[in-house]
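Mapping of the sequence shown onto our numbering: residues 41 to 538, in sequence order. Think of the CB as a built atom: it goes at the ideal place given N, C-alpha and C, for glycine as much as any other residue. Presented below is the structure to which this report refers.
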Amino acid sequence: MEQTVILILGGYGGVGRSLSRLVLRETDAEVVVAGRRKEKAQEFAQALRKEFSDSSVSARYADASDPKSLVEAYRGVDMVLVTATTPQYLHQIALTALGAGCDYLDILVQQNTIPQLRALSSEIAKAGRVFITQAGFHPGLPAVFIRYAAQHFDDYRKALIGMAMNARFEKPESSHEIIHEVGESNAEIYQEGRWRKANYKDAIKVDFGSRFGIRTCFPLQMEEIRELPQTLGIGETGVYVAGFNWFVDNIVFPLIIVFQKIKKGMGLNALGTLMYWGVNTFSSPDLGVVFLLDAEGVKGGKNLRVKIIAEHDDTFLFTSAPVVACLRQYLDGSLTKPGLWFMGTMVDDSRLMEDMKQMGIKIKTEAGRSALLAQPHHFCYLLVVVRLGVLLRQVVSAGQERTSLLHVPEPCYQILQLSPGNGEYHLLIPGHGAVVIASTGNSNLALFVQNCRNHTVHTCGMTGEVAGKAVAILPFPGQEEQTQLSPITVNHRYVWFK
């Protein structure tokens with residue numbers, strides 16, 4: 041059986057070196073180290089041949105800005121693995137691979153590269169090629185971890201990703217992808233049944249354990265997880281990342297945002313140099329990365345919280361391990377369906393996690409009782425604050441029932457009093473049916489919907505607990521005062537206020 045030939049574009053860079061070694065160690069593939077400085081490619085290929093004497097390693101010249109050099113470099117190659125930080129040349133890198141009959145995999149960070157590949161998706165499928173994008177750990181692992189955690193829940197409600205790393209840039213150009221991403225400012229989070237734009241006000245506190253402690257994390261755009269709320273039924277999800285250090289976070293990042301708002305790409309080289317210096321000068325000497333999922337849901341009728349934490353001292357290896365784990369599935373024929381795919385949604389998540397462990401990534405899972413109703417953001421150590429708004433005295437016409445009116449934002453889930461004789465009240469969720477949420481016999485919440493289309497919920501009597509979690513005390517019908525709460529959050533099978 042012939043060896044699969046994998047050309048690693050940018051193979052002598054930081055991640056490229058780590059990937060080359062790991063591919064040779066974990067697979068039977070032949071590696072071609074490629075880049076625009078052929079002498080460096082040859083030098084590293086020679087070192088690899090000494091280190092892996094039984095493996096086949098060679099070097100080729102390939103300049104992403106020169107399509108002719110790519111055509112020559114791709115001859116006889118089965119897969120092109122892109123580690124070079126040259127997203128501006130992505131279209132011709134991918135188009136040339138398609139023309140050469142090569143499969144493709146990249147570890148690019150920028151989310152705006154996805155439309156360039158999607159423009160080729162019909163041609164990719166027609167040619168019978170496999171194109172995998174957004175591999176690595178950021179992006180790459182968010183969708184894997186969220187999917188992997190689904191096995192722990194009967195009802196999966198929340199999945200938040202947090203990540204922090206302390207690394208060094210090899211050269212100023214290594215920061216350019218991050219500068220582009222910061223300048224784009226397209227962060228999104230999924231809440232209350234929809235994706236919405238996010239900003240610094242949506243930052244959360246994440247506990248990364250002994251390595252990094254509690255850090256402020258900011259939301260990111262992560263296209264690979266966009267379909268997961270629908271496929272897994274999750275009510276809230278998002279990806280959050282910690283900053284680098286005080287200098288980069290408070291000086292460099294604001295400068296990037298200002299420059300990029302004036303003109304996209306403005307001052308890229310100067311900002312890259314400043315960020316390179318800031319990261320390498322002011323960051324802690326303790327290198328490493330922590331990547332975690334904090335998930336909540338219900339299992340066996342009980343609230344459950346699951347944390348999956350992965351970490352390693354070497355950020356290059358942490359990036360390379362999921363890529364090579366994906367390659368192992370590709371090489372054994374598991375990932376052969378033609379088309380354009382995200383690594384995070386294409387791979388067998390359980391197998392990828394096990395392979396990462398074998399490659400030295402420390403992964404642990406913690407499970408315990410959840411406080412879903414008391415903690416909308418469970419990483420943050422924020423208390424759920426029940427805010428009683430301005431008390432409004434309204435004149436109600438004679439004979440009209442006095443009730444508490446609560447405005448409900450989208451999505452509006454219908455709450456029905458289905459079995460009043462038993463004192464049970466039910467929440468009707470599309471696709472899930474009616475679920476018991478309260479029992480007056482147990483002094484819990486009792487709600488019904490007067491007019492769901494107008495997003496008006498009438499409180500028939502609310503006491504201090506929902507499923508054992510404190511919420512608020514509101515007037516019962518017939519009392520003199522009416523109370524308006526803002527906002528009310530209706531999420532999946534429970535209702536809570538914040």
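In whole angstroms, what is the alpha-carbon distance linking residue i and residue j?
| i | j | result |
| --- | --- | --- |
| Ala438 | Thr277 | Per-residue confidence for Ala438 stands at a pLDDT of 31, beneath the threshold of 50, marking its modelled position as unreliable; the derived number appears in the next sentence. So the two alpha carbons sit approximately 47 Å from each other. |
| Pro325 | Met262 | 29 Å |
| Met315 | Arg234 | 34 Å |
| Ile274 | Phe356 | 31 Å |
| His131 | Asn152 | 12 Å |
| Tyr370 | Ile172 | 10 Å |
| Pro127 | Glu217 | 8 Å |
| Gly116 | Val45 | 7 Å |
| Ala478 | Leu333 | Since pLDDT at Ala478 reaches only 40, below the 50 mark, its modelled position is unreliable, and the value read off the structure follows with that caveat. Cα to Cα, Ala478 sits roughly 30 Å from Leu333. |
| Ser250 | Gly305 | 37 Å |
| His192 | Leu272 | 12 Å |
| Ser161 | Lys342 | 43 Å |
| Ala165 | Asp372 | 20 Å |
| Val506 | Val292 | Legend: pLDDT at Val506 = 34, less than 50; position of this residue unreliable, value from coordinates given subsequently. Between Val506 and Val292, the C-alpha separation is close to 46 Å. |
| Pro155 | Leu138 | 16 Å |
| Asp395 | Ala365 | 6 Å |
| Gly176 | Met205 | 14 Å |
| Val222 | Ala104 | 24 Å |
| Ile403 | Leu49 | 29 Å |
| Ile254 | Trp286 | 15 Å |
| Glu464 | Lys198 | Confidence at Glu464 is low in this model, with a pLDDT of 41, below 50, so the placement of that residue should be treated as unreliable; the coordinate-derived value is given next. Distance between the alpha carbons of Glu464 and Lys198 is about 26 Å. |
| Asn320 | Glu66 | 31 Å |
| Arg368 | Gly202 | 26 Å |
| Arg187 | His178 | 16 Å |
| His220 | Asp289 | 15 Å |
| Leu157 | Leu380 | 8 Å |
| Ala159 | Gly340 | 45 Å |
| Thr313 | Pro212 | 5 Å |
| Tyr129 | Met386 | 25 Å |
| Leu135 | Ala124 | 16 Å |
| Gln522 | Ala407 | Legend: pLDDT at Gln522 = 31, less than 50; position of this residue unreliable, no value from coordinates given. |
| Arg236 | Leu200 | 15 Å |
| Gln231 | Asp242 | 12 Å |
Can you tell me whether residue i is helix, strand or coil according to DSSP?
| i | result |
| --- | --- |
| Gly176 | coil |
| His498 | At His498, the pLDDT of 33 sits below 50, so the modelled position is not reliable; the number obtained from the coordinates is stated separately. Of the three classes helix, strand and coil, the one that applies to His498 here is strand, per DSSP. |
| Lys304 | coil |
| Ser98 | strand |
| Val55 | helix |
| Ser60 | helix |
| Asp146 | strand |
| Ala87 | helix |
| Thr292 | Here residue 292 is Val; the residue named in the question, Thr, does not match the sequence. Val292 falls in the helix class under three-state DSSP. |
| Thr125 | coil |
| Asn285 | coil |
| Val298 | helix |
| Gly139 | helix |
| Gln261 | coil |
| Leu375 | coil |
| Thr321 | helix |
| Arg169 | coil |
| Thr153 | helix |
| Ile401 | coil |
| Gly312 | helix |
| Lys211 | coil |
Quick check: is the beta carbon of residue i nearer than 7 Å to any beta carbon in chain B?
| i | result |
| --- | --- |
| Leu272 | Absent from the structure: chain B. Only one protein chain is present. |
Name the one or two DSSP bridge partners that residue i has.
| i | result |
| --- | --- |
| Arg255 | Val246 |
| Asp388 | Looking at the DSSP assignment, Asp388 forms no beta bridge with any residue, so it has no partner. |
| Gly75 | Tyr101 |
| Glu406 | Lys347 |
| Asn206 | Gly328 |
| Arg236 | Ile229 |
Is the separation between the beta-carbon of residue i and that of residue j shorter than 7 Å?
| i | j | result |
| --- | --- | --- |
| Phe382 | Glu264 | yes |
| Cys142 | Val111 | no |
| Ala113 | Ala85 | no |
| Ile92 | Leu64 | The question names Ile, but residue 92 is Phe in the sequence shown. Against a cut-off of 7 Å, the Cβ pair of Leu64 and Phe92 comes out as a contact. |
| Leu311 | Ile296 | yes |
| Gly360 | Leu88 | As written in the sequence, residue 360 is Ser, which differs from the Gly given in the question. No. |
| Val330 | Phe252 | yes |
| Ala227 | Pro269 | no |
| Phe185 | Ile302 | no |
| Lys80 | Tyr52 | yes |
If residue i sits next to residue j, beta carbons under 8 Å apart, how far is it from one beta carbon to the other, in whole angstroms?
| i | j | result |
| --- | --- | --- |
| Gly384 | Gly180 | 5 Å |
| Ala99 | Gln82 | 4 Å |
| Ala335 | Ile401 | Wrong, their Cβ atoms sit about 19 Å apart, outside the cutoff. |
| Val229 | Ala238 | According to the sequence as given, residue 229 is Ile; it is not Val. With a Cβ gap of about 5 Å, Ile229 and Ala238 count as contacting. |
| Gln43 | Ser96 | 6 Å |
| Val346 | Thr405 | 7 Å |
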